[in-house]
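Protein chains in written order, with my numbering: chain R, 31 to 218; chain G, 31 to 218.
Here's the structure we're looking at; comments come further down.
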DNA sequence: CGGCGTGATGTCAGTTGCTGACATCACCCT
DNA sequence: AGGGTGATGTCAGCAACTGACATCACGCCG
């Protein structure tokens with residue numbers, strides 16, 4: 031018999047999500063999370079760098095999909111075309127995830143500390159995208175600018191998807207957000 | 031005679047800047063900052079919400095200039111034209127400030143915690159810009175998208191200005207960054 | 001089969017960021 | 001002259017995080 035229940039990392043993440051939802055982020059203590067997961071506070075900090083990080087386990091996957099899509103776009107695709115390709119791929123990633131995304135987003139938006147963490151994750155993502163675009167031959171500052179813009183389009187579309195009541199697909203909203211951007215920047 | 035030396039807020043900000051520069055952000059303690067400024071730790075927290083905030087006193091002014099410029103742009107200016115106007119105004123704000131901006135930026139970039147704070151300041155700024163654009167009649171999601179893009183252009187230009195060795199004006203780099211954006215989004 | 005390294009966890013003590021409650025006292029206004 | 005006020009000091013305390021060391025099931029190797 032195992033000395034401890036397995037999967038303590040996931041149990042901690044689940045417990046944290048529940049408690050942040052029930053009592054709010056600031057009013058839940060790491061000790062409470064650990065207790066609900068059946069481990070020690072120290073164990074929490076062995077799995078997650080800090081109290082915020084426990085909500086951002088999926089960031090790596092998002093970045094992977096984004097990077098791979100950029101790298102895999104047709105060789106002759108323009109920067110904006112490769113962004114469009116990437117946004118399609120990312121849209122797929124969230125299919126059927128709206129309830130979870132909504133709960134998580136509500137928690138994040140309720141706490142400035144968590145918003146900060148979310149922002150740095152997106153900024154890191156933008157940095158990775160810029161590198162992927164440079165690998166395709168795009169130069170600075172165009173690469174960074176394109177990457178930033180891609181993230182902006184993603185963010186605006188994503189927030190709409192999470193907030194709105196209708197059941198439009200994320201992919202649709204991302205396409206629409208991108209189209210809107212082109213209209214705006216094309217105007218004199 | 032005054033009971034205490036005046037201007038403790040500024041003294042604290044100055045002491046913090048020095049110490050963050052000398053020993054690094056993580057390795058300086060609020061007690062040290064307070065000691066150098068000749069006050070108590072408690073007084074530090076009366077002036078600044080936390081250890082990071084002491085570096086961001088200027089954020090309010092930046093936001094003011096941005097908002098006023100958007101609001102003051104010609105009535106018939108397109109969204110991108112009002113962004114251009116705002117970037118001009120903001121460029122002026124930093125004239126002769128490069129040494130300070132450089133030192134501060136080096137400190138911020140050296141610490142993830144400080145980068146997070148910087149990002150949320152820019153995000154707040156973007157929110158304010160979106161509101162200013164809506165006040166001019168622009169609708170969502172165009173307003174948010176335009177605001178985000180304006181911040182991206184600012185950020186990319188600003189970082190170039192801080193990093194590069196030549197002595198180009200911030201205004202020039204912002205104009206160039208904006209032009210680059212238009213090229214990118216205009217391509218198919 | 002038995003010892004032995006290993007990895008995940010527990011235990012404990014300590015530092016630091018940050019907060020609430022209350023005291024002090026120069027200054028200003030009346 | 002007296003009372004109010006604002007900026008500061010003092011103190012106690014919680015919670016986030018860290019380093020050092022102990023424990024012990026498991027699996028490998030001889």
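Backbone N, C-alpha and C define an ideal beta-carbon position, used for all residues, glycine too.
Burial state of residue i (16 or more Cβ within 10 Å)
i	result
residue 91 of chain R	exposed
residue 209 of chain R	exposed
residue 127 of chain R	exposed
residue 180 of chain R	buried
residue 198 of chain R	exposed
residue 196 of chain G	exposed
residue 36 of chain R	exposed
residue 225 of chain G	No statement about residue 225 of chain G is possible, as the shown extent of chain G runs from 31 to 218 and does not include it.
residue 109 of chain R	buried
residue 82 of chain R	buried
residue 52 of chain G	exposed
residue 70 of chain R	exposed
residue 153 of chain G	buried
residue 177 of chain G	buried
residue 201 of chain G	buried
residue 151 of chain R	buried
residue 215 of chain R	buried
residue 136 of chain R	exposed
residue 217 of chain R	exposed
residue 33 of chain G	exposed
residue 58 of chain G	buried
residue 79 of chain G	exposed
residue 54 of chain G	exposed
residue 183 of chain G	buried
residue 134 of chain R	buried
Residue-chain proximity (residue i, chain G), Cβ-Cβ < 7 Å
i	result
residue 212 of chain R	yes
residue 175 of chain R	yes
residue 172 of chain R	yes
residue 153 of chain R	yes
Partners in chain G for residue i, counting only beta-carbon separations shorter than 8 Å
i	result
residue 110 of chain R	214, 215, 217, 218
Residue-chain proximity (residue i, chain R), Cβ-Cβ < 7 Å
i	result
residue 141 of chain G	no
residue 115 of chain G	no
Residues that residue i contacts on chain G, provided the C-beta gap is smaller than 7 Å
i	result
residue 182 of chain R	175, 178, 179, 182
residue 190 of chain R	171
residue 207 of chain R	171, 175
First and last residue of the uninterrupted alpha helix (DSSP H) at residue i
i	result
residue 102 of chain G	89-102
residue 188 of chain R	172-193
residue 118 of chain R	109-123
residue 207 of chain G	200-216
residue 225 of chain G	There is simply no residue 225 of chain G to check, as chain G begins at 31 and stops at 218 in what is shown.
residue 157 of chain R	142-165
residue 78 of chain G	Segment: none, residue 78 of chain G is in no alpha helix (DSSP H) and carries neither H nor E.
residue 66 of chain R	60-67
residue 169 of chain G	No alpha helix (DSSP H) holds residue 169 of chain G; DSSP gives it neither H nor E.
residue 134 of chain G	128-139
8 Å Cβ cut-off: residues of chain R touching residue i
i	result
residue 146 of chain G	146, 147, 149, 150
residue 186 of chain G	171, 174, 175, 178
At a cut of 8 Å, does the segment 33-49 of chain G reach the segment 187-195 of chain G through at least three beta carbon pairs? Too few Cβ pairs lie closer than 8 Å, so no.
Check whether the segment 142-151 of chain R and the segment 114-130 of chain R touch, using three or more Cβ-Cβ pairs below 8 Å as the test. Inter-segment contact for the segment 142-151 of chain R and the segment 114-130 of chain R is absent: fewer than three beta-carbon pairs are separated by less than 8 Å.
Does the segment 123-141 of chain G come close enough to the segment 62-69 of chain G that 3 or more CB-CB pairs lie under 8 Å? Contact fails: fewer than three Cβ-Cβ distances are below 8 Å.
Do the segment 86-102 of chain G and the segment 161-169 of chain G make contact, defined as three or more Cβ pairs closer than 8 Å? Touching, per the Cβ criterion.
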